[in-house]
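Here the structure is laid out as structure tokens; the discussion comes afterwards.
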Amino acid sequence: MKKITLVLDGSADRPNAALGNKTPLEYAKTPALDGLFQKSTGGTVLTIPKGLEVGSAVANLSLLGFDPHTYRGRAIIEAAGLHMPMNEDDMYIRCNMVTFEGDSFETSRIKSYSAYDIATQVAEPVMKELAEEVFGGEYELHYCGSFRNILIVKGGKKLYPVDFEPAHDIIGQDIAPFIRTEGKQAKFFELMKKSYDFLKDKGIPANGLWFWGASIMPEIKGDTRGRVALSETLLMDGITTIAGLPNIGTEREGRSFDDFLEEKLEKAVKAVREYEDIYVHIQETDDLSHELMPVEKMQAIESIDRVFLKPFLESIEDDYTLSIASDHFTFSDTGSHGGEPVPFLFYDSTDEKQQDGRFTEQDCRDKHFEVTAAQLKGMQHN
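Taking the UniProt record's numbering, the leading residue of the sequence shown gets 1, the next gets one more, and so forth.
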């Protein structure tokens, strides 16, 4: 029996005034998703164990069936996804190109955590110049595409952990309360200020860097026989690289979401024929939440239902189980993450259920059935 997992990254949300005080899942027209829900077991799943970082790394490790407690920060996972050299003695830090508003670095607030998803061709030459002018010695700044960069701190393992607030969690807030001028973090805020001074007059959407996700080498282990992932993000590329799990990507940048989904569908249909355990991850809903775009997030959910899910379900010829879940909450009114249990459904083509409702946050809560990610994964094998 085929085992399929579909993760709609950050799709879980809270009511938003732009959607008539409904969540994007509640507002969206999703006949395929709702029809499947009514034949499934529904409830909520805890993807982020207490005390662990609230975000896609921990949540997807959990849903993949790996131990999320092995997580040691985000940046090195993305570095692995880029096949950068891995060194157990170094520390790796994620650096977002961001758009600040304000008269100086110290008095700024983050207006966009991704510099409005800056184009690679615009960002790359400037970042190469920045790496040469501002960074050097024990610091290596590597540009990774769009707004993403990785800072390698040579011999920095001894500094770990170093805590920073993720840029997407403090959109619109003054950064002053988060700046540290003493201790081991001070040097990194000095580098952020120097980067701001360098970028502010370059005439591009990004006028600064924001560091977060400081990390060291993790150990991600698990049985990957017969398994495959379909995902595009650096984070998922890194998780699968470290775990030794095959990953099939689809290019998203520079094309419509529907075009992307059509190609993703073709690859997912092929994967179901060739593998036994298929993990499909779709990022768009999370990105739109971080950009505070609830209407567009709702529309993306409708596209996933219409362009991907309906024809995908129609294409499956074998008996199968299918788990669908958000990996975590992402709030489209603030751009921040939430770690509370997320909605899920579990469908078994050999044991269809009957239940009322739709695949929404509240309808899943109303089922009063909460599981851990490990238990959800176990349902596929029972």
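Just so you know, even glycine gets a beta-carbon here, dropped at the ideal spot from N, CA and C.
Asked: Residue from Trp210, Gly183, Leu46 and Thr181 with nearest C-alpha to Ser195; Found: Trp210
Asked: Backbone secondary structure at Met192 - three-state DSSP; Found: helix
Asked: Start-end ranges of the alpha helix (DSSP H) lying completely within the region 38 to 87, minimum 4 residues; Found: 56 to 64 and 75 to 81
Asked: Inter-stretch contact (C-beta, 8 Å, three-pair minimum) for the region 256 to 264 and the region 198 to 218; Found: no
Asked: Within the region 172 to 251, ranges of the alpha helix (DSSP H) (whole runs, at least 4 residues); Found: 186 to 199 and 234 to 243
Asked: Coil, strand or helix - Val162 by DSSP; Found: coil
Asked: Spatially closest choice to Gly102 from Lys111, Cys95 and Arg94, by CA coordinates; Found: Lys111
Asked: DSSP bridge partner residues for Phe100 (one or two, in chain order); Found: Ile110
Asked: Where Ser104 falls, given that 16 or more other Cβ within 10 Å makes a residue buried; Found: exposed
Asked: Extent of the continuous alpha helix (DSSP H) run through Lys264; Found: Phe257 to Glu274
Asked: Inter-residue Cα distance where the pair is Ser349 and Leu230; Found: 22 Å
Asked: Cβ neighbour criterion (16 or more within 10 Å) applied to Pro68; Found: buried
Asked: Thr41 versus Phe189: straight-line alpha-carbon distance, rounded; Found: 48 Å
Asked: 8 Å contact criterion, which Pro205 and Ala268 should meet: CB distance rounded; Found: Actually they do not touch by this definition, with Cβ atoms about 33 Å apart.
Asked: Residue range of the beta strand (DSSP E) that includes Phe312; Found: Looking at the DSSP string, Phe312 is not in any beta strand (DSSP E); the run it does join, the alpha helix (DSSP H), is Lys310 to Ser315.
Asked: Under the three-state DSSP convention, the category Met127 falls into; Found: helix
Asked: Close-in-space but distant-in-sequence residues of the same chain around Pro31 (CB under 8 Å, 5 per side omitted); Found: Asp305 and Lys310
Asked: Secondary structure of His290, DSSP reduced to three states; Found: helix
Asked: Between the CA atoms of Asp174 and Ser108 - distance to the nearest angstrom; Found: 6 Å
Asked: The region 116 to 127 in contact with the region 178 to 189 per 3-pair CB rule at 8 Å; Found: no
Asked: Contacts around Phe164, its chain only, beta-carbon distance under 7 Å, and the 5 residues preceding and following it disregarded; Found: Phe211, Trp212 and Ala214
Asked: Nearest-angstrom Cβ-Cβ length linking Leu376 and Phe346, presumed shorter than 8 Å; Found: 7 Å
Asked: The region 315 to 330 contacting the region 349 to 364, beta-carbon criterion three pairs below 8 Å; Found: yes
Asked: From Thr99, Phe344, Glu129 and His142, residue whose alpha carbon lies closest to that of Ala167; Found: Thr99
Asked: Under the three-state DSSP convention, the category Tyr27 falls into; Found: helix
Asked: Distance, Gly137 Cα to Val272 Cα; Found: 48 Å
Asked: Lys297 (DSSP reduced to helix, strand or coil); Found: helix
Asked: Residue closest to Ala75, alpha-carbon to alpha-carbon, out of Met91, Glu133, Gly208 and Arg365; Found: Met91
Asked: Close-in-space but distant-in-sequence residues of the same chain around Thr70 (CB under 8 Å, 5 per side omitted); Found: Leu61, Pro218, Glu219, Ile220 and Lys221
Asked: Residue span of the alpha helix (DSSP H) that contains Asp363, given as start and end; Found: Glu361 to Arg365
Asked: Reduced DSSP category for Arg306 - H, G, I as helix; E, B as strand; rest coil; Found: helix
Asked: Member of Phe37, Gly203 and Pro294 whose CA lies at the smallest distance from the CA of Lys367; Found: Phe37
Asked: Identified DSSP bridge partners for Gly338; Found: Phe329
Asked: Selected residue, minimal CA-CA separation from Gln354, among Asp34, Leu19, Glu370 and Tyr27; Found: Asp34
Asked: Where Lys29 falls, given that 16 or more other Cβ within 10 Å makes a residue buried; Found: exposed
Asked: Host beta strand (DSSP E) of Lys3 (start-end); Found: Lys2 to Leu8
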